[in-house]
Structures are given as C-alpha cells and as structure tokens.
C-alpha cells in the first residue's frame with residue numbers, strides 16, 4: 034500500500050466538497066456485499082446524480098494524470114467511483130472488498146487495486162482512520178486531503194469509528210493490465226529506476242525490458 038500526495042489540488046478538493054453539498058446521500062450498506070453489509074455504517078452519494086457523476090470523472094482524470102498512479106496501477110478498467118461520508122458513530126468494520134464489481138459501462142471487472150482518496154483534512158474529524166491488517170501487522174492512514182491510499186484489493190481493512198467531525202472520501206477499484214501485485218511492483222520499480230538514469234543507452238535497455246515484461250504479463 035502506498036500514499037500518493039496531491040492527487041487533487043487544494044482548489045479541486047474545495048470544488049468537490051462544495052459540489053457534494055448538493056448531492057443526495059443514502060445508506061452506504063446498499064452497495065456492500067452480504068458480509069460487508071453487516072459491518073458497514075456510512076453514507077454514499079447517489080451515483081445516479083449528474084453532479085456526482087461529474088465529480089467522479091474529475092477524480093478519475095486526476096488519477097490518470099498523476100505522475101505515479103498510472104505506472105503503479107496500470108489501469109485498464111475502472112469501477113464506478115463512490116463518494117462516502119462518515120459522521121460521528123459511523124465506521125466500516127474489518128472486511129475485504131469484492132473480487133469483481135461492475136465497471137462504468139455495466140460490465141463485470143476484476144478488482145485488482147483499490148484506492149481511497151481523502152477529501153477531509155485529518156484535523157477536521159476524529160477517528161476514521163483507514164487501517165489495514167495482515168501477517169506483517171497493522172498499518173493506519175489519515176493522510177492530508179487530496180491524497181490517496183492505494184492498496185491491493187484483497188487485503189483486510191477497516192475504517193475505524195468516527196468520534197467527531199465529518200470524514201469525506203472517494204473510493205474506487207481498478208482492473209489492472211497486470212493481474213499480479215508482485216509483477217506490478219517490479220514494473221513500477223523499473224519505471225522509477227529509469228527516471229533516475231542519465232545514460233540514454235541504459236534508458237533504452239530498461240524501456241526494452243519494461244516493454245517485454247508488459248507483453249509477457251499483460252492481459253488484453
């Protein structure tokens with residue numbers, strides 16, 4: 034899992050938050066699977082609302098133009114993005130996301146990578162941390178507004194109880210060109226190494242290796 038800063042600028046965060054004031058919210062359990070529904074307590078913006086759809090497009094475009102997200106995730110298909118709201122007493126207990134969801138065109142997609150884009154600053158609410166649990170222990174995140182936490186979809190995670198204020202976020206899921214997380218990580222590491230090279234010959238060799246690995250592992 035990785036925190037990507039500045040997905041949205043301060044002005045974009047303010048625009049999204051102002052627009053969400055005019056979007057109807059509903060019980061978040063409507064979109065949860067049978068197991069997750071039992072531990073989910075939040076509200077979600079109505080995806081059918083035109084303003085919510087426009088905001089989802091804004092967030093998707095911001096992720097696509099970010100210098101790290103495309104190389105890290107290799108997205109080929111996207112779920113419908115959802116805006117969530119947690120107020121005092123809300124939480125989302127330990128769960129794992131569904132292995133497949135519906136994409137923006139109504140077709141099933143495999144969920145390889147998840148992200149949570151924070152729209153509230155950590156000083157605007159209490160609790161409400163995004164917490165991951167696994168063999169390596171626990172990791173907890175409450176990043177700055179406009180930042181996103183990106184993680185493999187299959188990991189166990191939760192949103193701890195909100196004890197004050199309002200926590201706004203946008204969540205979504207991506208089917209990657211590269212199914213396996215370890216292969217995505219290797220390609221991302223190679224991309225990072227390439228950016229630091231000054232030798233044109235070394236860059237070309239890495240371009241060749243990255244391209245061959247994409248052909249070897251990519252789906253399509």
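Numbering (this note's numbering), first residue to last: 34 to 253. Glycine included, each C-beta is placed from N, C-alpha and C at the ideal position.
Quick one: give me the first and last residue of the alpha helix (DSSP H) that residue 90 is part of. Its alpha helix (DSSP H) spans residues 83-98.
Assuming residue 117 contacts residue 61 under a Cβ cut-off of 8 Å, what Cβ separation, rounded to an integer in Å, is found between them? The pair is a contact, with the Cβ atoms about 6 Å apart (cut-off 8 Å).
Just to confirm the assignment, what range does the alpha helix (DSSP H) spanning residue 224 have? First-last of the alpha helix (DSSP H) with residue 224: 214-228.
Should residue 235 go down as buried or exposed, given a rule of 16 or more other Cβ atoms within 10 Å for buried? Flag for residue 235 reads exposed.
Whose CA, out of 230, 107, 119, 155, lies closest to the CA of residue 247? Comparing Cα-Cα distances from residue 247 to each of 230, 107, 119, 155, the minimum goes to 107.
Can you tell me whether residue 140 is helix, strand or coil according to DSSP? DSSP places residue 140 in coil when its eight states are reduced to three.
Rounded to whole angstroms, how far is the Cβ of residue 165 from the Cβ of residue 150, which I believe are closer than 8 Å? 16 Å between Cβ atoms; not a contact.
For residue 182, which residues in the same chain have their Cβ closer than 7 Å to its Cβ, ignoring the five residues on either side in sequence? Cβ within range, chain order: 34, 36, 148, 149, 163, 174, 176.
Within 10 angstroms of its Cβ, does residue 209 collect 16 or more other Cβ (buried), or is it exposed? Result: buried.
Cβ-Cβ separation, residue 144 to residue 130 (assumed contact under 8 Å), whole Å: Correct: roughly 6 Å between the Cβ atoms.
Apart from the five residues on each side of it in sequence, which residues of its chain come closer than 7 Å, Cβ to Cβ, to residue 212? Correct list, in chain order: 145, 252.
Terminal residues of the continuous beta strand (DSSP E) containing residue 80? Segment: none, residue 80 is in no beta strand (DSSP E) and carries neither H nor E.
Is DSSP giving residue 122 helix, strand or coil here? The three-state secondary structure of residue 122, taken from DSSP, is coil.
Going by the CB atoms, is the gap between residue 77 and residue 58 shorter than 8 Å? It is a contact, given that the beta carbons lie within the stated cut-off.
Relative to the alpha-carbon of residue 136, which residue among 109, 161, 159, 119 has its alpha-carbon at the smallest distance? That would be 109, whose Cα lies nearest to the Cα of residue 136.
Proximity winner among 240, 50, 218, 204, relative to residue 114 (alpha-carbon distances): Per the Cα distances, 204.
Residue 63 versus residue 239: straight-line alpha-carbon distance, rounded: As the crow flies, the alpha-carbon of residue 63 is around 46 Å from that of residue 239.
Close Cβ partners of residue 202 (< 7 Å) along its chain, the five nearest in sequence each way excluded: In chain order, 117, 149, 150, 151, 152 place their CB closer than 7 Å to the CB of residue 202, counting only its own chain and leaving out the 5 sequence neighbours on each side.
Helix, strand or coil at residue 196 according to DSSP, with G and I counted as helix: Collapsing the DSSP output to three states places residue 196 in a strand.
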